[in-house]
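Below is one structure, written out as structure tokens, with a few remarks after it.
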Amino acid sequence: MKLVRSALAVSAMTLVSLAPTAAHADKKVMLDATYDTVKYAQTGQTIQPTRAEGDIVRSVVVHKAKRVVMSMSFSELTPAGIGAFHVFTIKTPTMTRTVALQTVPDYWDGRTFFYKGVAGNAANCLGIHHKIDYTANTATVSVPRRCLHNPKWVKVAMQHNDSPTHYDTYMDDALTDGHVESQPVYGPKVRR
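Take the sequence shown: its letters are residues 109 to 300, numbered as in the numbering used here.
In structure tokens, the structure reads:
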């Protein structure tokens, strides 16, 4: 009887070790300084140390089996002014693509645009999803991996810009503190 139980236990352990596991999804979380939004003018950038609106505090990239999910969390995010852009630039070993999530008074829930390169021509990609949560202060975009040619890794740059009026533009970069570079600042590789 003891021998039978031991054999059953070994068989059960073997089955558990051979069982398929869930596909691994690499995830990177990056923190950004608070109150580092800059105002753009013809004379340059000026940091806005008291502005919470559009101030990125955290960014996340999850590289799943079928999708790349990217999100920004803000100190404050409200449907106000003349609109905003949440910009996600994705670099892979073979290409760069940009998803611009735009909000305007008629579309506070947002609409997406997909581009080749950083600011290139429009590209095709069916199945881009987005969600803006003004209660949780988040903007999220997910892109099918097939639209990125199923890369082994991605690096993502994220920026937010909004315009409370036609004369004011405020920007924050998820990976810089107190300034915005002319080119995207990418996070670390997020592998599949």
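The beta carbon of each residue, even a glycine, is placed where N, CA and C say it ideally should be.
1) Grouping DSSP H, G and I as helix and E and B as strand, with all else coil, what is Leu94?
2) If you drop the 5 nearest sequence neighbours on each side, which residues of the same chain put their C-beta closer than 6 Å to that of Trp261?
3) With a 10 Å radius around its C-beta and 16 neighbouring C-beta atoms as the bar for buried, classify Arg175 as buried or exposed.
4) Quick one: grab the DSSP three-state call for Leu209.
5) I'd like to check one pair, Ala244 with His194: are the Cβ atoms closer than 8 Å?
6) Ignore the nearest five residues each way along the sequence and tell me which others in Pro292's own chain have a CB closer than 7 Å to its CB.
7) Which whole-angstrom value is the C-beta distance of Asp270 and Ala192, which I expect to be below 8 Å?
8) Hey, could you find the ends of the beta strand (DSSP E) Val262 is sitting in?
9) Only counting the same chain, and skipping five residues up and downstream in sequence, which positions put a Cβ closer than 8 Å to that of Glu184?
10) Assuming Val249 contacts His257 under a Cβ cut-off of 8 Å, what Cβ separation, rounded to an integer in Å, is found between them?
11) Is the beta carbon of Gln156 closer than 8 Å to that of Val165?
12) Where do the ends of the beta strand (DSSP E) carrying Ser179 lie?
13) Given this structure, state the Cα-to-Cα distance separating Ile168 from Thr284, to the nearest angstrom.
14) Name the two residues that bound the continuous beta strand (DSSP E) containing Ile190.
15) If you run the structure through DSSP and keep just helix, strand and coil, what is Arg253?
16) Quick check: Pro272 and Gly189, are their CB atoms within less than 8 Å of each other?
17) For Leu139, does the count of other Cβ atoms within 10 angstroms reach 16, so buried, or fall short, so exposed?
18) Skipping 5 residues on each side, what residues in its chain have a beta carbon closer than 8 Å to that of Thr129?
From the atom records:
1) Not covered by the structure: residue 94. The range shown for the chain is 109 to 300.
2) Excluding positions up to five away in sequence, the list reads Lys297, Arg299.
3) Answer is buried; the Cβ neighbour count reaches 16.
4) Three-state result, Leu209: strand.
5) The Cβ atoms of His194 and Ala244 lie no closer than 8 Å to each other.
6) Take Pro292, set aside five residues on each side of it, and the residues of its chain with a beta-carbon closer than 7 Å to its own are Thr197, Val226, Ala265, in chain order.
7) Yes, Asp270 and Ala192 are in contact; Cβ-Cβ is about 4 Å, under 8 Å.
8) Its beta strand (DSSP E) spans residues 261-273.
9) The answer, listed in chain order, is Ala160, Glu161, Gly162, Asp163, Asn245.
10) That belief does not hold up - the Cβ atoms of Val249 and His257 are roughly 18 Å apart, past 8 Å.
11) Not closer than 8 Å, so no.
12) In this chain, the beta strand (DSSP E) harbouring Ser179 covers 175-182.
13) Checking the sequence shown, residue 168 turns out to be Val, not Ile. Take the alpha-carbon of Val168 and the one of Thr284: they are about 15 Å apart.
14) Where Ile190 is concerned, there is no enclosing beta strand (DSSP E), given that its DSSP letter is neither H nor E.
15) It is helical.
16) Yes, these two residues count as a Cβ contact at 8 Å.
17) Counting Cβ neighbours within 10 Å, Leu139 comes out exposed, since fewer than 16 surround it.
18) Note on Thr129: pLDDT 47, under 50, position unreliable in the model; the coordinate value appears next. Counting only residues of its own chain and dropping the five nearest sequence neighbours on each side, Thr129 has no CB closer than 8 Å to any other CB.
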